[in-house]
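The opening position of the sequence shown corresponds to residue 0 in numbering that gives the first Met the number 0, with each subsequent residue numbered one higher.
Working notes, beginning with the structure itself.
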Amino acid sequence: MVVQVTLGRVEHRAGGRDAFLESPFDFVGPLNLDELQTRGRLAFGACLILTLDSWRQDQADLRRDAHQRRRVHSHRTPFPPEREARDYRQDRAVLRLPLDGTLQASEIKAAFRRLAKSAHPDVGGSNEQFQRITRARDALLAHTQRASQ
Numbered sequence: 000m001v002v003q004v005t006l007g008r009v010e011h012r013a014g015g016r017d018a019f020l021e022s023p024f025d026f027v028g029p030l031n032l033d034e035l036q037t038r039g040r041l042a043f044g045a046c047l048i049l050t051l052d053s054w055r056q057d058q059a060d061l062r063r064d065a066h067q068r069r070r071v072h073s074h075r076t077p078f079p080p081e082r083e084a085r086d087y088r089q090d091r092a093v094l095r096l097p098l099d100g101t102l103q104a105s106e107i108k109a110a111f112r113r114l115a116k117s118a119h120p121d122v123g124g125s126n127e128q129f130q131r132i133t134r135a136r137d138a139l140l141a142h143t144q145r146a147s148q
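Structure, rendered in C-alpha cells:
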C-alpha cells in the first residue's frame, strides 16, 4: 500500500537532522532526514519511506521492466514452424473458421476479435479460453505469413 505523508517536526542535532512524520503518522520517527535525502529511501520498521523523486523513479523503472517483458513475450513464437496440418485444422476450429481453404490475415483477426469479446477474463471468460484463442490466432497468422512468402 502506498501512502503519501508529509514530514512534520525536524530536530537538528550534532550528528545531523531527525524528522518525524506529520499527523496522523506522527508516531513514526525519528527518521534520519539526511540519510533519507541522500539515499532517497529509508527502511523504518515495516515501512519503506521514499522521497517523491525516488518513488517516481521506481515507478518509471517498473513500467520500463513491464514493457520489456511484454515486448519479449509478444515476439516469442508460440509454436515451432513444423507444426502438422492437423494442428492448423484445430486452430481453425478454435477460432470457428472454415477447416479448409485459404485464410486471409484479416479473417483470422476478425474471428479472434469476435471471440475475444466473450472469452477475455475481464468480460466473464476464462484465462485458459482467452489463451487458447490467442495461441490459435498467432499460429494461423504465422502460417499464413510463411505461406505467402
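Just so you know, even glycine gets a beta-carbon here, dropped at the ideal spot from N, CA and C.
Keep in mind the model is a prediction, meaning the values are calculated, not measured.
Residues near residue i by beta carbon distance below 6 Å, same chain, minus five either side
i           : result
residue 8   : 19
residue 118 : 124, 128, 129 and 132
residue 114 : 132
residue 126 : 120
residue 53  : 39 and 40
Residue environment, residue i, which counts as buried when at least 16 other CB atoms sit within 10 Å
i           : result
residue 26  : exposed
residue 145 : exposed
residue 93  : buried
residue 142 : buried
residue 112 : exposed
residue 136 : buried
residue 61  : exposed
The alpha helix (DSSP H) enclosing residue i, as first and last residue numbers
i           : result
residue 6   : Residue 6 -> not in any alpha helix (DSSP H); beta strand (DSSP E) instead, spanning 6-12.
residue 142 : 126-147
Residue i: first and last residue of the uninterrupted beta strand (DSSP E) it sits in
i          : result
residue 17 : 15-20
Beta-bridge partners of residue i, as assigned by DSSP
i           : result
residue 114 : For residue 114, which the question treats as bridged, DSSP gives no partner whatsoever.
residue 42  : 47
residue 30  : 18
Spatial neighbours of residue i in its chain, beta-carbon cut-off 8 Å, leaving aside the 5 residues before and after
i          : result
residue 22 : 7
residue 97 : 91
residue 46 : 27
Beta-carbon proximity of residue i to residue j, cut-off 7 Å
i           : j           : result
residue 43  : residue 30  : yes
residue 140 : residue 110 : no
residue 35  : residue 16  : no
Residues of its chain near residue i, where Cβ-Cβ distance is below 7 Å and the 5 sequence neighbours each way are ignored
i           : result
residue 106 : 96
Cβ-heavy atom distance, residue i to the ligand COA, below 6 Å
i           : result
residue 119 : With respect to the ligand COA, the structure shown offers nothing to examine, as it has no ligands at all.
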